[in-house]
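Take a look at the structure set out below.
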Amino acid sequence: MTDWLGPAEWQAVALSLKVSLWAIGLSLPIGILAAYALARWDFPGKQLLNGIIHLPLILPPVVTGYLLLLSFGRRGPVGSFLYEWFGLIFAFRWTGAALAASIMAFPLMVRSIRLAVESVDPKLEQAAATLGAPRLWVFFTVTLPLILPGVIAGAILGFAKAMGEFGATITFVSNIPGQTQTLPSAIYTFLQVPGGETQAMRLVLVSVTVAMGALAISEILARRAAKRVSGA
1462 MTDWLGPAEW QAVALSLKVS LWAIGLSLPI GILAAYALAR WDFPGKQLLN GIIHLPLILP
1522 PVVTGYLLLL SFGRRGPVGS FLYEWFGLIF AFRWTGAALA ASIMAFPLMV RSIRLAVESV
1582 DPKLEQAAAT LGAPRLWVFF TVTLPLILPG VIAGAILGFA KAMGEFGATI TFVSNIPGQT
1642 QTLPSAIYTF LQVPGGETQA MRLVLVSVTV AMGALAISEI LARRAAKRVS GA
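Under this note's numbering, think of the first position of the sequence shown as 1462, with each following residue one higher.
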């Protein structure tokens, strides 16, 4: 791939992989908790939480990026706190690209995991609980193994979404080569340069390959999850 892609293109692909892996790795535990809460628990504000989680799917990505800039910028309420106490900077850094990607991918990940949780018969969990197993132990020994294909499928879909995120990322962290220029941002940049269509097309092929591969794997895992639960 290093021979097929130029240095600038390879740099964008490598940064996108780094951003996407961090985005999914850090948000996956939260996604599992949110999906389980929406599928199994009844609590005040449940519909509000569901709406907030899925808001990035319906908001223009630029709006999401602008809200991130207002909140996590150096002068924003969250950003200033994180910088003063932990030295973390998100705006115009690759860390901000990871944050934007995780937020945009989060709804897809949660939805996939939630469907997996809802497909598990609650009686299986209740049976384990009646035997004296703590709730957390029931989750890790009964629920999690059954929903694992759905968790993996959600993570893969989220990864593909993070790889393709553009609007929120460029609004929040700009398009700085080598620092925040992810694969979609690089495609956009090459299309603005005369003669850059060839470089852009190579990156488009990379994007399509990643997206189609992720969809295929998620479909396979979803079918396996359905068979596994139906045979439980």
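C-beta atoms are modelled at their ideal positions from N, C-alpha and C, and glycine is treated no differently. What you are looking at is a predicted structure, and each value in this text was computed from that prediction instead of being measured.
Task: Three-state class that DSSP yields for Arg1536 in the structure shown - done: coil
- [ ] For Ala1616, count neighbouring C-beta atoms within 10 Å of its own C-beta (all shown protein chains included) and say buried if the count is 16 or more, exposed if not.
- [x] buried
- [ ] Say whether the region 1483 to 1498 touches the region 1568 to 1579, bearing in mind that this needs 3 or more beta-carbon pairs closer than 8 Å, one atom from each stretch.
- [x] yes
Task: Cβ pair count under 8 Å reaching 3, the region 1665 to 1673 against the region 1622 to 1636 - done: yes
TODO: Taking Glu1586 as part of the alpha helix (DSSP H), name the residues at either end of that continuous run.
DONE: Pro1583 to Thr1591
TODO: Measure the C-alpha to C-alpha separation of Ala1469 and Ala1672 and round it to an integer number of angstroms.
DONE: 21 Å
- [ ] Using the Cα positions of Arg1663 and Gly1674, report the straight-line distance between them to the nearest angstrom.
- [x] 17 Å
TODO: Note down, in chain order, each residue of its chain lying with its Cβ closer than 6 Å to the Cβ of Tyr1497, except the 5 sequence neighbours on either side.
DONE: Val1578
Open item on the list: On the criterion of 16 or more Cβ atoms from any shown chain inside 10 Å, does Phe1551 qualify as buried, or is it exposed?
Closed with: buried
Open item on the list: Quick check on Ala1588: buried or exposed, where buried means 16 or more other Cβ atoms within 10 Å of its Cβ?
Closed with: exposed
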